[in-house]
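A short worksheet on the structure shown next.
Protein chains: 2
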Amino acid sequence: MIKQSGRAAEHSPIFVTVDLVIFTVRQDALQVLLIERGNEPHLGRWALPGGYVRDGETLDEAASRELGEETGIDGGRLHLEQLRAYSEPERDPRGRIITVAYLALGPELPLPTAGTDARAARWAPVTSLLGRAGTLAFDHDVILRDALETARSQLEYTTVAAAFCAEPFTIGDLRHVYEVIWGVTLDPSNFRRKVTHAEAFLVPTGERRFPEVGRPATLYRRGVARLLIPPLLRSGDVAGTGTSRVAAVRRER
Amino acid sequence: MIKQSGRAAEHSPIFVTVDLVIFTVRQDALQVLLIERGNEPHLGRWALPGGYVRDGETLDEAASRELGEETGIDGGRLHLEQLRAYSEPERDPRGRIITVAYLALGPELPLPTAGTDARAARWAPVTSLLGRAGTLAFDHDVILRDALETARSQLEYTTVAAAFCAEPFTIGDLRHVYEVIWGVTLDPSNFRRKVTHAEAFLVPTGERRFPEVGRPATLYRRGVARLLIPPLLRSGDVAGTGTSRVAAVRRER
DNA sequence: GCAAAAGTGTTAGACCTACACCCATGC
DNA sequence: GCATGGGTGTAGGTCTAACACTTTTGC
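In order, the protein sequence lines correspond to chains A and B.
Going by the numbering used here, the first residue of the first sequence is number 1339, and it counts up by one from there.
Going by the numbering used here, the first residue of the second sequence is number 1339, and it counts up by one from there.
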């Protein structure tokens, strides 16, 4: 049994949840999966999917399980990574609940069926949700904003953009992901050079895709590289001193 | 009160701690603060400082409080940021305890006095601790390794290196931080150009420091920039495909 | 003067942006 | 042919690594 040291009341155990920010690119927009809450608190409001961490389960496992429950997708097939923990004592009116947010990225996913404590589920364009606070339940506005900036930043330094594309995919598909998530248009020829020169990012399958119109495109699969070297920097937003932004960068070997 | 939904036993509340990776540069090495544990489990082993999150406290507040308790330093004066949560069910033999690791950076700090549940405290060179697993208690080896890679990466994209320098500092001081943490030697003139051209990174004080030998150096304080634009990339370790590394990048506005 | 660290200048090559241009396909 | 997206080439500017060189101090 757990033995508390010191004054017992000072550190009570805490309920821990995971919340998922599931991004996909569909209809020329970055979209996030939302559920309509079927229980109090925030009954009827839109929120990120999530749930309690169960006994004996790691956070990663809880996130993967919730992902499967909410989308019907095998969690192992999607890119899934921990974002950060959110711990404001008043963030949940039921009591002290800390949540660990996860970022999940995938190619166009089916609309999931509503789960046990959700009345409905839908894909929502991310940009339409930001800007006005209080759109989502709890502190999910903040989590979503953090997740968006993480995703945008990760496109620069990692190969996760490929996680948005169903394999096999074309360079045009990949460029579309960058354009939608960054909200810019990119030069097709320069983009091609960069991604094809980054080693182990793209592996040609030898096949081609024949579009409705235009020249057929070479098809690729994801290579084994996870870091994008050299990085593919957004150039548009370096204006100014960067004083209003804080960056945290993490890398594992 | 907290109302559990579903089968009650499936998601019990969990004890939550914060653990601190406190880095400083001293004696030409990156050093981390360790404490010798004065209680079971792992009595007598070296570990990262940390403690339980108290009722009504955010994780940031808990980290800041622990930092003050362990180092005697006003937590608000140090760079402090959340790294990530660690949640292996078996990571602590006392039971289910999740920890959220924090990274703290500061200029040469005093050796702290041992706290209530620590027999001793010391600074240890980081490189001497890595390589062999099982050096530290719990999963603190893993946390330390993650923190080191985060710190190394952050020097590239942010201005946190200045957090290792007591103000006012010289460009040589700053370069020394980069050299020690990256384990490389940098060209002084090119380094100077990069950091002085990065806007709002360094603010000259107008004063100079007169060393034992050599030309006096201009003194600077940290500017308001938190992102380093353009980044100051490590070039030495880009060899290979990057296949063995995973990157997670996060940015806030 | 000499050693040492600060600081400036220069040059060759890498890289990047913008854009012209060619290619392969459906209709 | 023509429209469309795929894909290649290239000139000009920018950035950077490497290193020669000058400056300012203590001794």
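Just so you know, even glycine gets a beta-carbon here, dropped at the ideal spot from N, CA and C.
Cutoff 8 angstroms: residue i Cβ touching any chain A Cβ
| i | result |
| --- | --- |
| Gln1365(B) | no |
| Arg1531(B) | no |
| His1349(B) | yes |
| Glu1408(B) | no |
| Ala1346(B) | Any reading at Ala1346(B) must be qualified, since the residue scores a pLDDT of 49, below 50, and its modelled position is unreliable; no value is offered. |
Below-8 angstroms beta-carbon distance, residue i vs any chain B residue
| i | result |
| --- | --- |
| Val1354(A) | yes |
| Ala1423(A) | yes |
| Ile1436(A) | yes |
| Gln1420(A) | yes |
| Pro1431(A) | no |
| Glu1426(A) | yes |
Option nearest residue i by Cα separation, candidates the options
| i | options | result |
| --- | --- | --- |
| Ile1436(A) | Arg1560(B), Phe1353(B) and Val1518(B) | Phe1353(B) |
| Arg1530(A) | Gly1521(A), Leu1441(A) and Leu1540(A) | Leu1540(A) |
| Asn1528(A) | Ile1509(A), Ala1538(A), Arg1546(A) and Glu1545(A) | Ile1509(A) |
| Val1515(B) | Glu1537(B), Cys1503(B) and Leu1386(B) | Cys1503(B) |
| Asn1377(A) | Ala1458(A), Ser1350(A) and Gln1420(A) | Ala1458(A) |
| Arg1364(B) | Val1533(B), Ala1563(B), Leu1512(B) and Pro1554(B) | Leu1512(B) |
| Gly1406(A) | Glu1545(A), Ile1360(A), Leu1524(A) and His1535(A) | Ile1360(A) |
| Ile1567(B) | Arg1383(B), Lys1532(B) and Thr1543(B) | Lys1532(B) |
| Trp1461(B) | Ala1367(B), Tyr1495(B) and Leu1524(B) | Ala1367(B) |
| Arg1422(A) | Ala1439(B), Leu1493(B), Trp1384(B) and Thr1409(B) | Ala1439(B) |
| Ala1499(B) | Pro1569(B), Arg1546(B) and Leu1467(B) | Pro1569(B) |
| Leu1449(A) | Thr1362(A), Val1464(A) and Glu1517(A) | Thr1362(A) |
| His1380(B) | Tyr1390(B), Arg1432(B) and Glu1348(B) | Arg1432(B) |
| His1535(A) | Glu1517(A), Val1522(A), Ala1563(A) and Thr1543(A) | Ala1563(A) |
| Gly1388(B) | Val1464(B), Pro1526(B) and His1478(B) | His1478(B) |
| Ala1489(A) | Ile1519(A), Ser1466(A) and Leu1467(A) | Ile1519(A) |
| Arg1572(B) | Glu1348(B), Val1464(B) and Asp1525(B) | Asp1525(B) |
| Ala1390(B) | Glu1348(A), Ser1402(A), Gly1544(A) and Glu1487(A) | The question names Ala, but residue 1390(B) is Tyr in the sequence shown. Of the candidates Glu1348(A), Ser1402(A), Gly1544(A) and Glu1487(A), the one whose C-alpha sits nearest the C-alpha of Tyr1390(B) is Glu1348(A). |
| Ala1634(A) | Gly1469(A), Thr1465(A), Arg1434(A) and Leu1386(A) | In the structure as shown, chain A begins at 1339 and stops at 1591. Residue 1634(A) is therefore absent and cannot be evaluated. |
| Trp1384(B) | Ser1491(B), Ser1402(B), Val1464(B) and Pro1542(B) | Val1464(B) |
| Arg1434(B) | Ala1485(A), Ser1350(A), Glu1517(A) and Ser1402(A) | Ser1350(A) |
Inter-residue CB distance, residue i and residue j (contact presumed, cutoff 8 angstroms)
| i | j | result |
| --- | --- | --- |
| Val1356(A) | Glu1404(A) | 6 angstroms |
| Phe1507(B) | Leu1557(B) | 7 angstroms |
| Ala1501(A) | Gly1410(A) | With a Cβ gap of about 18 angstroms, Ala1501(A) and Gly1410(A) do not count as contacting. |
| Ala1538(B) | Gly1561(B) | 4 angstroms |
| Leu1565(A) | Thr1496(A) | 6 angstroms |
| Leu1358(B) | Glu1408(B) | 7 angstroms |
| Leu1482(A) | Leu1493(A) | About 17 angstroms; that fails the 8 angstroms criterion. |
| Glu1505(A) | Arg1559(A) | 5 angstroms |
Point to revise | Selection of the region 1392-1404 of chain B by Cβ proximity to chain A, strictly under 8 angstroms | key: Close to chain A, meaning a Cβ-Cβ distance shorter than 8 angstroms, are the following residues of the region 1392-1404 of chain B: Arg1392, Asp1393, Gly1394, Glu1395, Thr1396, Leu1397 and Asp1398.
Review point. Would you call the region 1548-1565 of chain B and the region 1462-1474 of chain B in contact, with 3 or more CB pairs under 8 angstroms?
Key: With a cut-off of 8 angstroms, the region 1462-1474 of chain B and the region 1548-1565 of chain B do not count as touching, because too few Cβ pairs lie within range.
Practice item. Take every Cβ of the region 1390-1405 of chain B, pair it with every Cβ of the region 1420-1432 of chain A, and state whether three or more of those distances are shorter than 8 angstroms. Key: Contact holds: three or more Cβ-Cβ distances are below 8 angstroms.
Review point. Quick one, which residues of the region 1376-1390 of chain B are near chain A if we go by CB-CB under 9 angstroms, in chain order?
Key: Answer set for the region 1376-1390 of chain B: Asn1377, Gly1389 and Tyr1390.
**Study point:** Meets three-Cβ-pair contact criterion under 8 angstroms: the region 1367-1375 of chain A and the region 1404-1420 of chain B
**Key:** No, because fewer than three Cβ pairs between the region 1367-1375 of chain A and the region 1404-1420 of chain B fall closer than 8 angstroms, the two stretches do not touch.
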